[in-house]
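Chemist: The listed protein sequences derive, respectively, from chains U and S.
Take the first sequence: its position 6, counted from the start at 1, is 6 in my numbering, and no numbers get skipped.
My numbering runs 1000 ahead of the 1-based position in the second sequence.
Note that beta-carbon positions come from the ideal geometry of N, C-alpha and C, so glycine has one too.
Right, I'll just put the structure down here and ask away after.
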Amino acid sequence: DAGITQSPRHKVTETGTPVTLRCHQTENHRYMYWYRQDPGHGLRLIHYSYGVKDTDKGEVSDGYSVSRSKTEDFLLTLESATSSQTSVYFCAISRATSGEKLFFGSGTQLSVL
Amino acid sequence: AQKITQTQPGMFVQEKEAVTLDCTYDTSDPSYGLFWYKQPSSGEMIFLIYQGSYDQQNATEGRYSLNFQKARKSANLVISASQLGDSAMYFCAMSHAGKFYFGSGTKLNVKP
């Protein structure tokens, strides 16, 4: 199994509070991704990174920011959480963008009350 | 924009029978990859099979095969000899230009 750790695994927070989710990998893969999973929508890309300090927006990036200061860590921040951001968040990594699969973390269940 | 469509929200199949899960994709670029992932009730995402857009033959991995019809832009997953453990959500995905796009998923229930 790929070495991907997401923390925390579960979090309950209140509307308007900042939240940071962490993804840590031990595979030295270049590409890292944050997805959210909601019923009926599958997995939607929030942000991704193609190297240290290199990030770009995905399909549903509004309300989210990311940072990658080291190869192994990719942080997702909700600056001011809203109830619509209640979801399961998955981090994923890939060695390359062509012919390589995604490896997923175990997910973070986030509830915004 | 890239798009993946899975038109079957839920399906039932009898144990030991074969089942086909549909997936169509939309891209104008010639280079892309197609994937299927399985998500059991425990929540983890499990890679099943991969097909490159330039691959001439359909990919197979054990009981899984990918029916790749490029002209129709379809990438259906075929599971042969279904088992109870195959009950799960199945997601079709496409990779292109560094991003991976997912469909909304199909929930498969295998009946004993």
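Quick one, which residues of the segment 20–42 of chain U are near chain S if we go by CB-CB under 8 Å, in chain order?
Modeler: Answer set for the segment 20–42 of chain U: Tyr31, Tyr33, Tyr35, Gly40, His41, Gly42.
Chemist: Considering Leu1048 of chain S, what are the terminal residues of the beta strand (DSSP E) in which it resides?
Modeler: Residues 1046–1052.
Chemist: I want to verify the contact list: residues of chain S whose CB lies under 7 Å from the CB of Lys101 of chain U, in sequence order.
Modeler: Going along chain S in sequence order, the residues near Lys101 of chain U (Cβ under 7 Å) are Phe1035, Phe1047, Tyr1050.
Chemist: Less than 7 Å between the beta carbons of Tyr1025 of chain S and Lys1073 of chain S, yes or no?
Modeler: A contact, by the Cβ cut-off of 7 Å.
Chemist: Comparing the C-beta of Tyr64 of chain U with each C-beta of chain S, is any distance below 7 Å?
Modeler: No, because no Cβ of chain S sits closer than 7 Å to the Cβ of Tyr64 of chain U.
Chemist: DSSP beta-bridge partners for Gly1033 of chain S?
Modeler: Answer by DSSP bridge pairing, in chain order: S:Gly1052, S:Ser1095.
Chemist: Which term fits His10 of chain U, buried or exposed, when burial requires 16 or more other beta carbons within 10 angstroms of its beta carbon?
Modeler: Classification of His10 of chain U: exposed, given that the 10 Å Cβ count is below 16.
Chemist: Tell me which residues of the segment 1076–1093 of chain S have at least one Cβ-Cβ distance to chain U shorter than 7 Å, keeping chain order.
Modeler: For the segment 1076–1093 of chain S, which is checked against every Cβ of chain U, the residues closer than 7 Å are Phe1091.
Chemist: Within 10 Å of its beta-carbon, does Ser84 of chain U have 16 or more other beta-carbons around it, so buried, or fewer, so exposed?
Modeler: So Ser84 of chain U counts as exposed.
Chemist: Check each candidate in S:Gly1085, S:Gln1083, S:Leu1084, S:Tyr1090 and name the one with the smallest Cα separation from Asn1076 of chain S.
Modeler: It is S:Tyr1090.
Chemist: How do the segment 9–26 of chain U and the segment 1008–1016 of chain S stand: do at least 3 beta-carbon pairs fall below 8 Å, yes or no?
Modeler: No, because fewer than three Cβ pairs between the segment 9–26 of chain U and the segment 1008–1016 of chain S fall closer than 8 Å, the two stretches do not touch.
Chemist: Between the C-alpha atoms of Lys53 of chain U and Leu1084 of chain S, what's the straight-line distance to the nearest angstrom?
Modeler: Spanning the two alpha carbons is a distance of roughly 45 Å.
Chemist: Against chain S, with Cβ distances strictly below 7 Å, would Thr97 of chain U count as a contact?
Modeler: Chain S, which has a Cβ nearer than 7 Å to the Cβ of Thr97 of chain U, makes this yes.
Chemist: Among residues of its own chain, excluding the 5 on either side of Ser1053 of chain S, which ones have a beta-carbon nearer than 8 Å to its beta-carbon?
Modeler: Result list for Ser1053 of chain S: Pro1030, Ser1031, Tyr1032, Gly1033, Leu1034, Lys1070, in chain order.
Chemist: From Thr115 of chain U to Lys1111 of chain S, what distance separates their C-alpha atoms?
Modeler: With chain U covering only 1 through 113, there is no way to say anything about residue 115 of chain U.
Chemist: What in chain U is Cβ-close to Glu1061 of chain S, meaning under 9 Å?
Modeler: None at all; the shortest Cβ gap to chain U is about 12 Å.
Chemist: Quick check: is the beta carbon of Gly1098 of chain S nearer than 7 Å to any beta carbon in chain U?
Modeler: Interface residue, yes.
Chemist: Can you find a CB in chain S that lies within less than 7 Å of the CB of Phe104 of chain U?
Modeler: It does: the Cβ of Phe104 of chain U has a partner Cβ on chain S nearer than 7 Å.
Chemist: State the DSSP-derived secondary structure class of Asp1086 of chain S, mapped to helix, strand or coil.
Modeler: In the structure shown, Asp1086 of chain S sits in a helix (DSSP, three-state: H, G or I).
Chemist: Residues in its own chain within less than 8 Å of Asn1067 of chain S by CB, not counting five upstream and five downstream?
Modeler: Hits under 8 Å: Thr1020, Asn1058, Ser1074, Ala1075, Asn1076, Leu1077, Val1078.
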